[in-house]
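Here the protein sequences come in this chain order: A and B.
Counting in our numbering, the first sequence runs from 63 upward without gaps.
Counting in our numbering, the second sequence runs from 3 upward without gaps.
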Amino acid sequence: MTAVLTIAGYGLREALRRKVFVVVLLLTLGFLALYWLANHYVFRDIAHVSPPVGIEPRPFAGAFVFGLAMFATLFLGTVLAIFLTLGVVSGDAERGLLQPLIVRPVSRPTLLASRWLGAVAVCAPYVGAVYVAAMLITGLTGHWWPDHLVAPGLELAAGVALIAAISLLGSVFLSSTANGIAVFMVFGAGLVSGLLGTIGHALNSHTLEHAAKIAAWLLPFEALYQDGLREITANTTGLTGFLLQLGPFGGAYTGGTSVRLWAVAYLLIVAALAAYGFSRRDL
Amino acid sequence: MTRAPGSASALRVRGLAKRYGSLVALGGVDLEVAGGELVGLLGPNGAGKSTLVKIACGLVRPSAGSAEICGLRAGSHEARRSLGYLAELFRFPGWASGDEVLELHQRLAGSRGGQHERHELLELVGLADARDRRVEEMSKGMQQRLGIAQALVGSPPLLLLDEPTSALDPVGRRTVRTLLEELRGRGISVLLNSHLLSEIELVCDRVAILLRGRVVTEGSPAELSKPRGVEIETDEGVRLFEGAGREDVPRLVEELVAAGRKIYEARVLTSTLEDTYLEAVGGQSS
């Protein structure tokens with residue numbers, strides 16, 4: 063346990079000393095300021111709009127902009143998670159940082175788990191904080207609140223934790239650059255598959271929906287994100303709810319408990335693969 | 003090869019082999035470092051020196067053979083508790099101070115030496131005044147000395163040092179040499195990889211020369227310094243008596259004087275470690 067805390071603390075101190083937090087904080091404040099501006103103008107302007115019968119403008123606009131905020135939160139959390147983990151094995155080994163640590167009586171799986179915990183300790187609170195800040199901005203500006211307040215934020219944080227694990231797994235086999243590119247592409251593939259699912263739902267194409275579901279099971283961080291999107295309008299019904307589901311932030315398909323359980327199993331599989339690969343790797 | 007009778011081996015490798023695909027890095031090496039012994043490992047680039055040390059540390063898995071640290075399987079937790087290692091190419095986090103680097107390694111090694119141990123180690127390597135300096139603000143030589151201090155965290159009975167003086171200036175090298183002698187005095191075993199033959203000759207009890215993954219020569223520096231004859235300077239010039247040794251000098255001088263020669267100087271010639279090394283590796287440099 064001492065080794066886990068020591069190595070996780072080492073990663074946190076590195077992020078702190080390298081001014082990662084300062085940069086992230088400044089950029090996030092910039093994002094939140096822009097997001098507030100967007101909310102301010104959206105909710106000011108919809109007051110003068112006469113929507114078609116059956117559409118409630120405030121829930122529609124609120125869910126739409128907050129869906130966008132959830133996407134941005136996932137993206138920012140993903141960037142943070144990838145950059146904190148992409149070079150943990152190969153990158154640090156190439157630079158000669160890893161060898162002095164590995165020679166100590168600490169198992170390789172312990173080192174990986176510690177670095178993952180260190181990254182999650184940074185990313186999960188960050189995602190949670192941005193999620194809550196965005197929710198407060200939309201709620202206070204537009205007087206609209208998500209149908210479920212907590213679960214979507216937790217699912218976003220869990221999705222980012224999964225991406226950190228995938229990035230760690232990649233770092234066992236790939237150089238830092240190759241791993242960074244690979245994980246971003248995997249993340250992009252997840253997003254595309256989610257949008258395809260939405261399109262499939264709108265067009266009532268079962269094939270597209272089925273393909274998106276398979277992709278979501280292969281990349282459960284996307285399924286968690288989609289599930290989170292669906293949760294924010296879970297109780298929104300009628301034409302408003304239907305139209306929201308057709309949009310890019312509608313959460314066209316739900317996974318519920320099964321996806322959450324699968325995400326845990328997926329994390330364990332990724333961890334086992336990373337530990338096995340790392341244990342067989344010459345440094 | 004001289005060893006204290008009954009002394010336990012700090013490092014023992016038997017038939018150690020490592021292949022990377024078709025490349026043979028080690029082709030069956032036998033080597034032993036006894037308790038308190040300082041052994042030098044020589045060889046051209048690519049001879050397998052670093053691979054051998056990395057297997058002993060558990061960084062690399064052997065293809066065949068065995069390696070033991072103080073009787074424990076190399077790479078196991080227990081074995082890693084018994085060694086200190088300085089890699090040829092290493093780096094400490096630039097944002098950390100020297101004191102923080104040692105503290106991190108104390109925690110990972112389970113050392114309870116605390117502040118006292120860190121202070122003593124930094125003092126030992128001449129970095130007492132730089133304890134709070136960030137690694138990125140240290141010269142390469144200072145970082146290398148910090149690396150040696152790091153290897154000594156927890157007072158391990160065996161040190162594996164891979165080119166520990168490659169970035170040091172002559173004063174730094176002398177500091178390390180003195181340190182190695184002091185460690186030997188404390189009973190710590192050392193396996194020293196180095197290209198600096200003079201360094202090995204000065205401090206090591208025994209030397210092993212590796213070539214293409216095999217030990218080709220082994221012995222104490224004295225054993226490896228073979229006699230090359232006697233050179234006598236006379237009024238007719240310098241004459242070399244090959245095969246003659248120190249005990250032959252009086253007789254040779256007597257014979258030359260009897261033959262009417264005037265003697266100005268007599269020198270007993272021995273080959274240096276460098277001669278032995280060059281002979282062993284056949285001039286191979288990489």
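We put the beta carbon where it would ideally sit given N, CA and C, even for glycine.
Between G215 (chain B) and Q152 (chain B), the gap from beta carbon to beta carbon reaches 9 Å or more. In this chain, the alpha helix (DSSP H) harbouring D107 (chain A) covers 82-107. Listed along the chain, the chain A residues whose CB falls inside 7 Å of the CB of F243 (chain B) amount to none; the nearest CB is some 52 Å away. In summary, the residues of the stretch 161-194 of chain A whose CB is separated from some CB of chain B by less than 8 Å are Q161, P162, L163, I164, V165, R166, P167, V168, S169, in the order they occur in the chain. For E90 (chain B), same chain residues with a beta-carbon under 8 Å away, outside a window of 5 residues either side, are S52, D164, E165, S168, N195 in chain order.
Close CB contacts of P214 (chain A) within its chain, under the 6 Å cut and outside five residues either way in sequence, are with G290, E293, I294 (chain order).
Collapsing the DSSP output to three states places V217 (chain B) in a strand. Straight across, the Cα-Cα distance linking L174 (chain A) with G204 (chain A) is about 44 Å.
Note that the stretch 38-46 of chain B touches the stretch 201-215 of chain B; at least 3 beta-carbon pairs, one per stretch, sit closer than 8 Å. Secondary structure of L148 (chain A) (DSSP, three-state): coil.
Contact of R93 (chain B) with chain A by beta-carbon distance below 8 Å involves R157, G158, L159. Shown here, A143 (chain A) sits in a helix according to DSSP, grouped into three states. The beta carbons of L224 (chain A) and F283 (chain A) sit about 4 Å from each other, so the pair counts as a contact at 8 Å. Beyond the five residues adjoining it in sequence on each side, A134 (chain A) comes within less than 7 Å, by CB distance, of F93 in the same chain, given in chain order.
The stretch 234-252 of chain A and the stretch 149-158 of chain A touch, with no fewer than 3 CB-CB distances between them shorter than 8 Å. By the C-beta criterion, the stretch 69-89 of chain A is judged not to be in contact with the stretch 193-200 of chain A, since fewer than 3 inter-stretch pairs fall below 8 Å. Judged by beta-carbon spacing, A226 (chain A) lies within the 9 Å limit of A181 (chain A), meaning their Cβ atoms are closer than that value. Here S11 (chain B) is bridged, per DSSP, to B:A36. In this structure the stretch 90-109 of chain B touches the stretch 155-168 of chain A; the number of beta carbon pairs closer than 8 Å is three or more. When DSSP states are grouped into helix, strand and coil, D164 (chain B) belongs to the strand group.
Closest by C-alpha distance to P158 (chain B), out of B:R176, B:D101, B:H107, is B:H107. Residue contact check for Y72 (chain A) against chain B: a CB pair falls below 9 Å. The beta carbons of L286 (chain A) and V245 (chain A) sit no closer together than 9 Å. Short of 6 Å from the beta carbon of A336 (chain A), and not among the five residues preceding or following it, lie these beta carbons of its own chain, in chain order: L174, L230, L231, V234. R147 (chain B) sits buried, since 16 or more C-beta atoms from the chains shown fall within 10 Å of its C-beta. Of A:L280, A:A325, A:P167, A:A264, the smallest CA-CA separation from L216 (chain A) is found for A:A325. By the beta-carbon neighbour count (other beta carbons within 10 angstroms, threshold 16), E39 (chain B) is buried. In the DSSP secondary-structure assignment, G86 (chain B) is bridged to B:L161. Following the DSSP letters along the chain, one finds N195 (chain B) inside the beta strand (DSSP E) bounded by residues 191-195. Close partners of A336 (chain A) in chain B (Cβ separation under 8 Å) are lacking, with about 17 Å as the shortest Cβ gap. P310 (chain A) sits in coil when the DSSP states are folded into three classes, being neither helix nor strand.
Taken through DSSP and simplified to helix, strand or coil, T299 (chain A) comes out as coil.
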